[in-house]
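So in numbering that gives the first Met the number 0, the last spot in the sequence shown is 382, and the numbers never skip.
A virtual CB, placed ideally from N, CA and C, is assigned to each residue, including glycine.
A quick write-up on the structure given underneath.
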Amino acid sequence: MILTLAFWVCVVLLVYVYVGYPLLCWCLGSLLRRDPRGRALADDDLPRVSIVTVAFNEAESIAATLENKLSQDYPADRLEILVVSDGSTDETDSIVGAFADRGVRLVRQEPRAGKTSGLNLVLPQTSGAIVAFADANSMWAPDALRHLVEPLMDPQVGYVTGRMLYRAPDGSLAGEGCSAYMRYENQLRRWETRIGSIVGVDGGIDAVRRELYEPMRPDQLPDFVLPLAVREKGFRVVYAPRARLHEDALQSVEDEFRMRVRVALRAWCALKDKAALLNPLRFGWFSWQLASHKLLRYLAPFFQAGALVTALLLLGSGGFWRLVVAAQAVFYALVVAGHFWRGRVRSPLVAFPYYLTLINIASLVAFVAFLQGKKQVVWNPRT
């Protein structure tokens with residue numbers, strides 16, 4: 000009886016995390032319809048914006064990124080671009096310096112201290128009423144900045160994230176899985192916005208009111224902690240789907256796995272730091288969203304493992320359990336097949352179980368590292 004109950008609890012929680020919660024967001028969002036009251040602005044009404052990028056050894060991509068930001072459909076006199084070189088040892092500094100006559104400012108951070116420290120260093124030097132964040136390899140659509148700023152015309156909105164579109168030109172399962180996962184996340188953010196606020200952002204195309212920025216510890220993930228801090232202050236965090244960012248997905252399974260571990264580890268730390276937001280008496284719907292979208296999502300590997308272990312222990316209890324175990328055997332056979340094929344198969348039949356299991360294993364590894372008190376501050380460029 001206890002094993003049967005444990006199995007169904009694990010299955011229900013898994014279904015709730017990936018299907019039930021999004022459906023509830025869609026239903027609730029359809030009722031509340033809290034779309035931001037932003038508006039398109041004429042050039043003379045646009046606010047001054049500071050675009051900030053923190054880069055470490057990004058010589059291969061930083062020039063293209065700067066050209067992309069300088070070519071935004073936004074008045075040049077209302078735009079400043081700053082690049083923090085985080086102890087770079089390649090040609091990043093000299094490449095950024097070559098853009099000085101076009102208004103790009105280089106800020107050197109020495110010694111290397113990570114993205115969060117770089118943001119803390121440069122924010123006091125910005126002059127924009129709005130600060131936008133871009134990665135060193137982020138390629139924005141020409142009108143992305145305008146669409147990113149529009150929701151901030153609603154005085155209740157304090158933070159905006161755009162629409163990240165991953166491309167997987169090599170057809171790898173890691174790339175295809177990441178692309179599909181982001182489409183799922185983007186749709187969920189649409190529905191969460193209509194409830195009030197979204198829970199997580201990506202960091203490659205975001206904007207915040209400058210007065211709402213608060214310095215963070217070097218080990219805190221700005222893509223998670225800063226939006227939560229903005230929501231804690233009573234402002235909304237919303238999704239702007241017309242502010243588009245195109246980025247190539249990681250091609251290597253190993254790189255994707257390391258990235259997922261890094262993000263999950265810092266997310267666990269952020270959940271600990273911002274645990275007060277889980278109090279529904281203070282934060283209402285958002286507490287439920289945070290618990291469902293992040294806390295339970297990062298606990299999903301335990302639900303997945305629990306469903307497998309309990310089914311195996313119940314194998315001798317009847318034909319139903321043999322069918323359950325057989326179904327799970329097929330699922331994990333597809334995962335193993337995807338691993339040995341090294342991600343060179345595009346079929347969703349393989350991509351779904353493979354990528355889902357990959358991110359859940361990464362979440363499990365991150366949780367163990369979190370319990371051990373490990374933290375990650377610096378990063379290496381995407382490969």
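If you follow the beta strand (DSSP E) that Asp85 is in, where does it begin and where does it stop?
Segment Leu78 to Asp85, the beta strand (DSSP E) holding Asp85.
Expressed to the nearest angstrom, what Euclidean distance is found between the alpha-carbon atoms of Asn56 and Phe256?
Approximately 21 Å, taken between the alpha carbons.
Quick check on the DSSP output: what are the complete alpha helix (DSSP H) runs of length 4 or more inside the region 115-164, in order along the chain?
Qualifying alpha helix (DSSP H) stretches, in chain order: 143-148.
Exposed or buried, which one is Thr382 when buried takes at least 16 other CB atoms within 10 Å?
With a pLDDT of 47 at Thr382, under the threshold of 50, the modelled position of that residue is not reliable, and the figure given next carries that caveat. Looking at its Cβ environment, which holds fewer than 16 other Cβ atoms inside 10 Å, Thr382 is exposed.
Give a yes or no on contact between the region 216-233 and the region 320-328, applying the rule of three or more CB pairs nearer than 8 Å.
No, because fewer than three Cβ pairs between the region 216-233 and the region 320-328 fall closer than 8 Å, the two stretches do not touch.
CA-CA distance, Leu294 and Met138?
For Leu294 and Met138, the distance between alpha carbons rounds to 31 Å.
With a threshold of 16 other CB atoms inside 10 Å of the CB of Lys68, please say whether the residue is buried or exposed.
Answer is buried; the Cβ neighbour count reaches 16.
Can you look up Gln108 in the DSSP assignment and give me helix, strand or coil?
Here Gln108 sits in strand by DSSP.
Leaving out five residues before and five after Arg33 in sequence, what residues of the same chain have Cβ atoms less than 6 Å from its Cβ?
Closer than 6 Å at Cβ, skipping near neighbours: Arg193 and Gly195.
How far does the alpha helix (DSSP H) with Val8 in it extend, from its first residue to its last?
Its alpha helix (DSSP H) spans residues Ile1 to Val14.
Per DSSP, Ile204 forms a beta bridge with which residues?
Its beta-bridge partners are Ala133.
According to DSSP, is Arg241 helix, strand or coil?
Strand.
When we look at the beta-carbon of Asp201 and count the other beta-carbons within 10 Å, is it buried (16 or more) or exposed?
Classification for Asp201: buried.
Just reading off the alpha helix (DSSP H) that Ile387 is part of, what are its end residues?
Residue 387 lies beyond the stretch modelled for the chain, which goes from 0 to 382, so this question has no answer here.
Just grab the DSSP bridge partners of Arg235 for me.
Note: Arg235 sits in a beta bridge opposite Val156.
Do Ile204 and Ala242 count as a contact pair if the criterion is CB distance below 8 Å?
Yes, these two residues count as a Cβ contact at 8 Å.
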